[in-house]
Every structure is written in C-alpha cells, then in structure tokens.
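In the numbering used here, the protein residues as written are 29 to 176. Note that CB positions come from ideal geometry on N, CA and C, so glycine has one too. Take a look at the structure below.
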C-alpha cells in the first residue's frame, strides 16, 4: 500500500513473486493467501525478496489453513498444515486469529476441479459444505526471518 499526500492508495500486484525484482523498501504491507505454503520449496528465494521489498516498519500478513478441520482431513494435509504453522512461527509470524469457515460448493466437480489429485485418489465428499479453519498471521519486517 502506498500513501499519497491526502489519501491512501493501494497497489495490488498479482504475480509470481519468485520471478520479480522489487526495489528495496517498496511495500508497507505484503499479503498472501494460501500462497506461501505452495512456495515452500522456494522459501530461500522468496523470503529474501520479501524482506528486501518491505519497508522497515512494513508488515506481512498471510492467511493459511489452520488444520483440525474437515477440509484438511479430506485433502490429507493435516501434517503439512501443522508443520507450516510451526514454520511460520519460527519465521516470526504471530497468529492473530483462527476463523471457523465453511466451504460451500455448488457441486462436487467444483471441488475436484481445484483438487484433481484427490479425485484421482477416489476421495468422496461427505457433503457440499466442508468445515474449514483458517489462520491469519502477521509478522513485522523487523521480526520476519528465515532460519538457515
């Protein structure tokens, strides 16, 4: 988010973070929704880009699966979800909230279009409403770190 003289202005960039080269101190806030976990094999490249691009008082906010819910059980990602929450804590993220949500699907095909690997495994959905917990985490630029 960039602040102009008399009002706030937000610039949104939807891109492959691993392929961008941002100027130092460019961003007040970096937001990621279910994105960092999918880039876990690239953390060594992605985190330094984020650290460089964030202003000194900047914040990074992420939303991820919280686990212990129907969705993570169906998707078979309970262990991964637990590992990622621990990893984010080690990187300086603090959990701000865990929200109980529901994924409401118009039909099963919609779910399996998003998760074709689960369809291939023969997973069956118990209903078109799946309980899902999400966690909102925040780290300031000064607390954000990648342990080597």
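Could you compute how far the alpha carbon of residue i sits from the alpha carbon of residue j?
i: residue 34; j: residue 50; result: Interpretation of residue 34 is limited by its pLDDT of 44, a score under 50 that renders its predicted location unreliable; the figure taken from the coordinates is listed afterwards. Cα-Cα distance, rounded: 25 angstroms.
i: residue 109; j: residue 96; result: 9 angstroms
i: residue 118; j: residue 174; result: 8 angstroms
i: residue 160; j: residue 106; result: 12 angstroms
i: residue 128; j: residue 53; result: 35 angstroms
i: residue 145; j: residue 139; result: 11 angstroms
i: residue 43; j: residue 69; result: 17 angstroms
i: residue 149; j: residue 141; result: 14 angstroms
i: residue 158; j: residue 116; result: 25 angstroms
Under 8 angstroms, do residue i and residue j count as touching if we go by C-beta distance?
i: residue 167; j: residue 77; result: no
i: residue 22; j: residue 126; result: Because the chain spans 29 through 176 in this model, residue 22 falls outside it and cannot be assessed.
i: residue 86; j: residue 169; result: yes
i: residue 164; j: residue 124; result: yes
Could you tell me which of the options sits nearest to residue i, measuring between CA atoms?
i: residue 122; options: 92, 53, 74; result: 92
i: residue 99; options: 124, 149, 90, 132; result: 132
i: residue 120; options: 64, 149, 171; result: 171
i: residue 156; options: 130, 162, 149; result: 130
i: residue 154; options: 148, 142, 136; result: 136
i: residue 111; options: 37, 65, 48, 150; result: 65
i: residue 113; options: 162, 158, 134, 151; result: 162
Does any C-beta atom of chain D lie closer than 8 angstroms to the C-beta of residue i?
i: residue 61; result: The structure shown has no chain D; it contains just one protein chain.
(message) Across the segment 52-65 and the segment 78-87, are there enough close Cβ pairs to call them in contact, namely three or more that are closer than 8 angstroms?
(response) yes
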